[in-house]
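*Asks:*
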Amino acid sequence: QVRALDPPRWHTGVVTGDGASSAEEDTGTVYERIQRLKVEIADLQTRFTDNHPDVIRRKAELAALERGLASTQGDQPGAPGRSPAAGEAGSGGRVRDLRALRKEEKDLRQAIALYQRRVETAPLREQELRELSRDYETSKDLYDSMAKRDQEARLTENMEQRQKGEQFRILDSAVVPEFPVAPPRLLLLLLGLGFSLAAAVASMLLAEQRDTSFHSVESLRAFTRVPVLARIPLIVTKKDALRRLGRACLGTVSALVGLVLIAGVSYILAHGNESLVLLLAGNRP
Numbered sequence: 165q166v167r168a169l170d171p172p173r174w175h176t177g178v179v180t181g182d183g184a185s186s187a188e189e190d191t192g193t194v195y196e197r198i199q200r201l202k203v204e205i206a207d208l209q210t211r212f213t214d215n216h217p218d219v220i221r222r223k224a225e226l227a228a229l230e231r232g233l234a235s236t237q238g239d240q241p242g243a244p245g246r247s248p249a250a251g252e253a254g255s256g257g258r259v260r261d262l263r264a265l266r267k268e269e270k271d272l273r274q275a276i277a278l279y280q281r282r283v284e285t286a287p288l289r290e291q292e293l294r295e296l297s298r299d300y301e302t303s304k305d306l307y308d309s310m311a312k313r314d315q316e317a318r319l320t321e322n323m324e325q326r327q328k329g330e331q332f333r334i335l336d337s338a339v340v341p342e343f344p345v346a347p348p349r350l351l352l353l354l355l356g357l358g359f360s361l362a363a364a365v366a367s368m369l370l371a372e373q374r375d376t377s378f379h380s381v382e383s384l385r386a387f388t389r390v391p392v393l394a395r396i397p398l399i400v401t402k403k404d405a406l407r408r409l410g411r412a413c414l415g416t417v418s419a420l421v422g423l424v425l426i427a428g429v430s431y432i433l434a435h436g437n438e439s440l441v442l443l444l445a446g447n448r449p
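In short: position in the sequence shown from 1, add 164, done, that's my numbering.
(1) Pick out whichever of 396, 397, 382 has its Cα sitting closest to the Cα of residue 390.
(2) With distances taken between CB atoms, is the gap from residue 198 to residue 229 smaller than 8 Å?
(3) Which of the three DSSP states is assigned to residue 398 in this structure?
(4) Answer yes or no: do residue 219 and residue 208 have a C-beta to C-beta separation smaller than 8 Å?
(5) Are residue 496 and residue 206 closer than 8 Å when you measure CB to CB?
(6) What is the residue span of the alpha helix (DSSP H) that residue 357 lies within?
(7) Could you pull the start and end residues of the alpha helix (DSSP H) that residue 340 belongs to?
(8) Helix, strand or coil for residue 214, going by three-state DSSP, please let me know.
(9) Please confirm whether residue 378 and residue 384 have their CB atoms less than 8 Å apart.
(10) For the alpha helix (DSSP H) that residue 346 lies in, which residues bound it at each end?
In structure tokens form, the structure reads like this:
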């Protein structure tokens, strides 16, 4: 395929004089093309696999060039007009060129590997930069806040030292209202009395419903038709009397404790609250 594409490069034939120089130039061009193809193949192999179409195509072209170069070099030694010294000089130059190209290829591979490592570590460096930026912003905000406070403190200190600060004094004290506005005391008292009476009546009815004993002969006769033969008066023992006395004492003590608690709470609420005292007392100042 390569011969068909570029016939003058391969059909050297038997040349003399200037024809030998032209053949050497064609051979040098082939060498350059071979080295360029090797570099391209190495570059493609760093990005693609060996089955990639571009890699396959360049490998095929490289193999064709190498076969053509081998056949050309096999024909050139017997060609008339070509001296052995010139062949050795051209071969030495090609070896030097090959070494230079191989060194260049090695440098390119190292550069490619370096760039690949940089690309792979780029996200990590970006994350580190983001964290450093966040820490820097936090430190900057803290510094700005502290600097602002320091400036305000210095300004306040200077104003106080120069006695240029504004001083406020209350000229008129608060005015206590002449009479309470709310709540309506009489309505609250009536509501409290009504709720108390209702609670007392409800307690009596509940106690009467729960008490199933008979307190008189008439209630017993009304409940049953069995004749009443005798009536035994209430017998109060000493133990019963002590129990009643204990209940009375307990009720008295409970009432006293309740009064003391009410007085204490009232004192705590009214202490230092003149408006509340006047409101509850219903007096004008």
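In this text, a Cβ means the ideal position worked out from N, Cα and C, and glycines have one as well.
Bear in mind the structure is a predicted one, so any value in this text is a computation, not a measurement.
*Replies:* In terms of the structure at hand:
(1) Along the sequence shown, read from residue 1 onward, the residue named residue 390 stands at position 226. When each option's Cα is compared against that of residue 390, the closest is 382.
(2) Residue 198 sits at position 34 when you count from the first residue of the sequence shown. Residue 229 sits at position 65 when you count from the first residue of the sequence shown. Yes, Cβ-Cβ distance for residue 198 and residue 229 is below 8 Å.
(3) For the purposes of this step, residue 398 is identified with residue 234 of the sequence shown, where counting begins at 1. Residue 398: coil per DSSP, three-state reduction.
(4) In the sequence shown, residue 219 corresponds to position 55, counting from 1. In the sequence shown, residue 208 corresponds to position 44, counting from 1. Yes, the Cβ-Cβ distance between residue 219 and residue 208 is below 8 Å.
(5) It is not possible to answer for residue 496, since the shown part of the chain is limited to 165 through 449.
(6) As a first step, residue 357 must be located in the sequence shown, where it is residue number 193. 349 to 374 is the extent of the alpha helix (DSSP H) around residue 357.
(7) Position 176 of the sequence shown, counted from the start, is the residue given in the question as residue 340. Premise fails: residue 340 is in no alpha helix (DSSP H) and is neither H nor E.
(8) One-based indexing of the sequence shown puts residue 214 at position 50. Coil, per DSSP.
(9) Position 214 of the sequence shown, counted from the start, is the residue given in the question as residue 378. Position 220 of the sequence shown, counted from the start, is the residue given in the question as residue 384. Taking 8 Å as the Cβ cut-off, residue 378 and residue 384 qualify as a contacting pair.
(10) Translated into the one-based positions of the sequence shown, residue 346 becomes position 182. No alpha helix (DSSP H) contains residue 346, which DSSP labels as neither H nor E.
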